[in-house]
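A.B. asks:
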Amino acid sequence: MPGIDGFETCERLKTDPDTRDIPVIFVTAKTELEDIVRGFEIGGVDYIIKPFKREEVLSRVKTHLKIERLMQDKECLNKKLQDQNDELIESQNQYRIILEKSADGVFHLDAEGRLISSNTKFRSTLKLGAEGIVVRSIMDIVISEDPSGIFPKIATRRFGDRATSNLAVQFCVNKNSSILQDRKIHTLLLDSYGIWNLPNNKLYEKGKEKKYLGTICIVKIPS
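Residue numbers for the sequence shown follow this note's numbering, beginning at 605 and rising by one.
(1) With the cut-off set at 8 Å, would you say I720 and L730 are in Cβ contact?
(2) Below 8 Å on the Cβ atoms is my guess for G643 versus F630; work out the distance and round it to an integer in Å.
(3) So, helix, strand or coil for S752, using DSSP?
(4) Just how far apart, CA to CA, sit Q686 and F656?
(5) Determine the burial state of I822: buried for a count of at least 16 other Cβ atoms within 10 Å of its Cβ, exposed for fewer.
(6) With a threshold of 8 Å, are at least 3 pairs of Cβ atoms found where one atom belongs to the region 802 to 814 and the other to the region 749 to 761?
(7) Give me the Cα-Cα distance between T768 and E704, rounded to the nearest whole angstrom.
(8) Beta-carbon within less than 6 Å of K757's beta-carbon, same chain only, minus the 5 sequence neighbours each way: which residues are those?
(9) Using the Cα positions of S706 and K725, report the straight-line distance between them to the nearest angstrom.
(10) How about N805 and K814: do their beta carbons lie closer than 8 Å?
(11) What are the residues that DSSP puts in a beta bridge with H790?
(12) Where do the ends of the beta strand (DSSP E) carrying G648 lie?
(13) Taking the continuous alpha helix (DSSP H) assigned at Y699, which residues delimit it?
(14) Tell me whether R762 sits in a helix, a strand or coil according to DSSP, three-state version.
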């Protein structure tokens, strides 16, 4: 090429946003290690020494085009995942704001019925610190003559019209304390909703793989 060699051509291609992702294969009679290394350093993806066979060139071109397509697919997937992650973070932030602004107490149970989060309203009503509520069974702070009967109602798997509604629950943070004053009981009304990995209207569709994730409980706090 008059006035420009392969190295400069490659450098120009790599500095142009429209061509920088095009795989560049050097086809040359140069066999010095310094030339080969330079070709890779400026963005070349392969090096074919003259004389060459047509089949070899075609095979390498196909391979690098396939690699480039896979790289582009990966970038698109990464961008999609990043967008979904950003949406999830935004949704979680909105959920936390709504949770903390709620006039009702709210807590979240995992699939085993363990408390994994709650809002300030619920914790302050029971005089319970945030560190004392995470990953403990809901039954640790519930008093009932029928624990096995009330537990599935609190940690319900049901949703919609079949969810638990207006269930009277006696909460007591220090129910095992020997000091009577520490065992203050709060009788509160509870609504519970089972949470699944699918929208409610999709749960009963055939062929859908469903998984129970836990329960959201809303506690009506007297004003």
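Every residue gets a Cβ at the ideal spot worked out from N, C-alpha and C, and that includes glycine.
C.D. replies: In brief:
(1) no
(2) 5 Å
(3) helix
(4) 43 Å
(5) buried
(6) no
(7) 22 Å
(8) T768, L771
(9) 8 Å
(10) no
(11) Paired residue(s): F775.
(12) It spans 648 to 653 - the beta strand (DSSP E) in which G648 sits, taken as one unbroken run.
(13) Note, Y699: alpha helix (DSSP H), 658 to 705.
(14) coil
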